[in-house]
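For reference, the structure is listed below as structure tokens.
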Amino acid sequence: MTSILQIDTINFSYEQKAALREVSLQVKKGDFLGLIGPNGGGKTTLIKLALGMLQPNNGSIRLFGHTVSSFKDWDKVSFVSQKANAFNKGFPATVFEVVAMGLTPKIGYFRRFSAKHRTAVKQAVAQVDMSDYLHENISSLSGGQQQRVFIARALVSQPELIILDEPTVGIDHANVKGFYELLQRLNEEKGLTLVMITHDLAGIAQYASKLVYLDQQIKYEGSPEQFSLPETDLHVLRGIHA
Ligand SMILES: Nc1ncnc2c1ncn2[C@@H]1O[C@H](COP(=O)(O)OP(=O)(O)OP(=O)(O)O)[C@@H](O)[C@H]1O
Numbered sequence: 001m002t003s004i005l006q007i008d009t010i011n012f013s014y015e016q017k018a019a020l021r022e023v024s025l026q027v028k029k030g031d032f033l034g035l036i037g038p039n040g041g042g043k044t045t046l047i048k049l050a051l052g053m054l055q056p057n058n059g060s061i062r063l064f065g066h067t068v069s070s071f072k073d074w075d076k077v078s079f080v081s082q083k084a085n086a087f088n089k090g091f092p093a094t095v096f097e098v099v100a101m102g103l104t105p106k107i108g109y110f111r112r113f114s115a116k117h118r119t120a121v122k123q124a125v126a127q128v129d130m131s132d133y134l135h136e137n138i139s140s141l142s143g144g145q146q147q148r149v150f151i152a153r154a155l156v157s158q159p160e161l162i163i164l165d166e167p168t169v170g171i172d173h174a175n176v177k178g179f180y181e182l183l184q185r186l187n188e189e190k191g192l193t194l195v196m197i198t199h200d201l202a203g204i205a206q207y208a209s210k211l212v213y214l215d216q217q218i219k220y221e222g223s224p225e226q227f228s229l230p231e232t233d234l235h236v237l238r239g240i241h242a
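So the sequence shown is residues 1 to 242, counted in UniProt numbering.
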């Protein structure tokens with residue numbers, strides 16, 4: 001099966017402080033990977049390395065078969081952050097405009113926004129079931145609705161991989177379920193590969209196809225059903241906070 005992300009035996013330190021040790025991980029096409037672990041366990045660092053924002057001390061990272069430093073096809077990768085849903089009241093942009101921003105890397109700031117682009121935006125909004133809100137102001141939506149809009153913004157450039165960093169923080173319980181179901185549908189029906197950092201072990205375990213527990217090292221990699229940790233790590237797990 002095609003490897004989307006291939007991380008081989010990397011180490012990474014901030015100054016003298018080790019953040020990741022001997023980490024190897026493969027994300028295959030169609031995976032829905034839940035990346036969990038304690039606070040400070042290195043999840044965000046690993047994603048920054050995968051996106052080329054940091055360089056490992058050693059080891060190798062390949063995206064779609066290319067080393068990250070030579071990777072050019074960034075259209076294939078989208079990122080949704082936790083802060084995406086922290087919009088200030090009064091932010092002057094509609095759902096359409098926010099999703100259209102996802103096309104900026106593709107069409108540039110000054111080139112014409114064509115009917116084709118308009119259709120792509122509407123399709124992405126429809127994929128997340130937010131068509132009724134197309135011309136609403138983003139700041140008037142709930143946290144869960146805003147996060148759907150950010151998924152649409154990530155989808156509009158038709159990526160093959162979406163990386164999400166704690167996207168459910170600040171979303172109420174009822175909407176979190178719908179959000180997971182949306183991700184699962186995109187994963188299963190569109191074959192979209194997903195990597196999601198979360199502290200919500202109970203939630204992600206129901207939807208992800210694979211779980212990885214990272215605490216500087218990978219302590220578990222496998223199916224959510226068989227997830228287990230040594231007693232010492234379970235103790236850490238109980239203390240995790242979003
Ligand atoms: N820019 C930085 N400079 C120095 N140390 C950093 C920096 N960013 C992160 N760290 C440290 O690296 C370690 C891993 O941090 P990281 O943010 O990757 O963990 P995380 O698993 O994403 O944590 P959380 O679940 O709390 O978001 C932590 O000890 C953190 O303090």
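All C-beta atoms, glycine included, are put in the ideal place defined by N, C-alpha and C.
- Task: Could you name the residues of the same chain whose beta carbon sits closer than 7 Å to that of residue 102, not counting the 5 residues immediately before and after it, in chain order?
- Result: 153, 154, 156, 157
- For residue 190 and residue 225, the rounded distance between their alpha carbons: 24 Å
- Cβ contact check for the stretch 67-76 and the stretch 10-25: 3 or more pairs under 8 Å: no
- Give a yes or no on whether the C-beta atoms belonging to residue 59 and residue 4 are separated by under 9 Å. no
- Taking one C-beta from the stretch 164-181 and one from the stretch 194-205 each time, how about it: are there three or more such pairs within less than 8 Å? yes
- Query: Roughly how many whole angstroms lie between the Cα atoms of residue 93 and residue 100?
  - Reply: 10 Å
- Among the residues of its own chain, which have a CB less than 7 Å from the CB of residue 28, if the five just before and after it don't count? 1, 2, 3, 4
- Please name the residue or residues paired with residue 58 in a DSSP beta bridge. 11
- Evaluate the contact criterion for the stretch 125-141 versus the stretch 33-52: three or more CB pairs, one atom per stretch, below 8 Å. no
- Secondary structure of residue 196, DSSP reduced to three states: strand
- Going by DSSP, name the residue or residues bridged to residue 79. 163
- Query: residue 56: beta carbon under 8 Å from a heavy atom of ligand 1?
  - Reply: no
- Query: Is the distance from the Cβ of residue 192 to the Cβ of residue 211 below 9 Å?
  - Reply: no
- Work out the CA separation of residue 148 and residue 142 for me, nearest whole Å. 10 Å
- Message: Just to check my reading of the structure: residue 77 and residue 151 have Cβ atoms closer than 8 Å, yes? What is that Cβ distance to the nearest angstrom?
- Response: With 8 Å as the limit, residue 77 and residue 151 do not qualify as a contact, their Cβ atoms being about 14 Å apart.
- Are the Cβ atoms of residue 138 and residue 64 separated by less than 9 Å? no
- Task: Could you please go through the chain and list the residues whose beta-carbon is closer than 5 Å to any non-hydrogen atom of ligand 1?
- Result: 14, 19, 39, 40, 41, 42, 43, 44, 45
- Message: Checking 9 Å against the spacing of the C-beta atoms, do residue 216 and residue 41 come in under that value?
- Response: yes
- Message: Run through the DSSP bridge pairs and tell me what residue 305 is partnered with.
- Response: Nothing about residue 305 can be reported from this structure: the residues present for the chain run from 1 to 242 only.
- Task: Could you say which of 181, 228, 203, 73 lies nearest to residue 213 if we only look at CA atoms?
- Result: 228
- Query: So which of 185, 145, 61 has the shortest CA-CA distance to residue 207?
  - Reply: 185
- Going by Cα to Cα distance, which pick from 113, 159, 231, 202 is closest to residue 34? 202
- Task: Please list, in chain order, all residues of the same chain as residue 131 whose beta carbon is under 6 Å from its beta carbon, the five residues on each side excluded.
- Result: 125
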